[in-house]
Amino acid sequence: MIDLLAPYVTHLFNTSLSTACVPDAFKTAYISPLMKKPGMDADALENYRPVSNLSVLSKTLERLVSRQLESHLSFCDLLPRHQSAYRKGHSTETALVKVCSDLITSMDNGCHDLLALLDLSSAFDTVDHEILIERLSRSPSYAVRGEVLEWIRNYVTRSGTMALNP
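Okay, here's the thing in structure tokens:
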């Protein structure tokens, strides 16, 4: 089955990337309410968070672009050294180990430290897409331009069109 579908999926993805257009169907998510924490009042709407599920093809294309962008950022050494999220070998567990190690080392040296923690679990829900696009394009380090920048712009907007030529 995969042998039959792979050429069409490849063509679809290549067309999307070369024309800088993401099909509208790839931007359509099925949203399900999910209880924030077990045991909360199921009748109170504020106890739910929306979970968006995209199609398999959409997630596959997203992962393809993500890997290419991550490869570019890593190759050009553009990721912060201590960034622990969205990187292979850099989990929240490794971040916790680093923080604990730094605190223990500091205490061993007779220093006093203050640790402030922020809950950024919804941080990506508040990203201003225009600022993101501007920073990607204007930063000499990132230098994201042309079709790549337009593809990202199209991806983060609600609507877009795409025509396929089989």
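For the sequence shown, position 27 (counting from the first letter as 1) is numbered 26 according to numbering that gives the first Met the number 0, and the numbering increases by one without interruption.
Just so you know, even glycine gets a beta-carbon here, dropped at the ideal spot from N, CA and C.
Limits of the alpha helix (DSSP H) - the one that residue i falls within
i: Val96; result: 91–107
i: Tyr7; result: 1–18
i: Leu72; result: 55–74
i: His128; result: 128–137
Within 8 Å, strictly: CB atoms of residue i and residue j
i: Lys63; j: Phe12; result: As written in the sequence, residue 63 is Leu, which differs from the Lys given in the question. Yes.
i: Arg144; j: Ser138; result: no
i: Phe25; j: Leu56; result: yes
Limits of the unbroken beta strand (DSSP E) element including residue i
i: Leu33; result: 29–34
Beta-bridge partners of residue i, as assigned by DSSP
i: Val50; result: Ser31
i: Arg86; result: His89
Which of helix, strand or coil DSSP assigns to residue i
i: Arg144; result: coil
i: Met161; result: At Met161, the pLDDT of 41 sits below 50, so the modelled position is not reliable and the matter cannot be decided from this model.
i: Arg80; result: coil
i: Ala24; result: helix
| Are the stretch 142–150 and the stretch 11–31 touching by the rule of at least three beta carbon pairs closer than 8 Å? | yes
| said: Quick test of the definition: if touching needs 3 or more C-beta pairs under 8 Å, does the stretch 29–42 touch the stretch 50–58? | reply: yes
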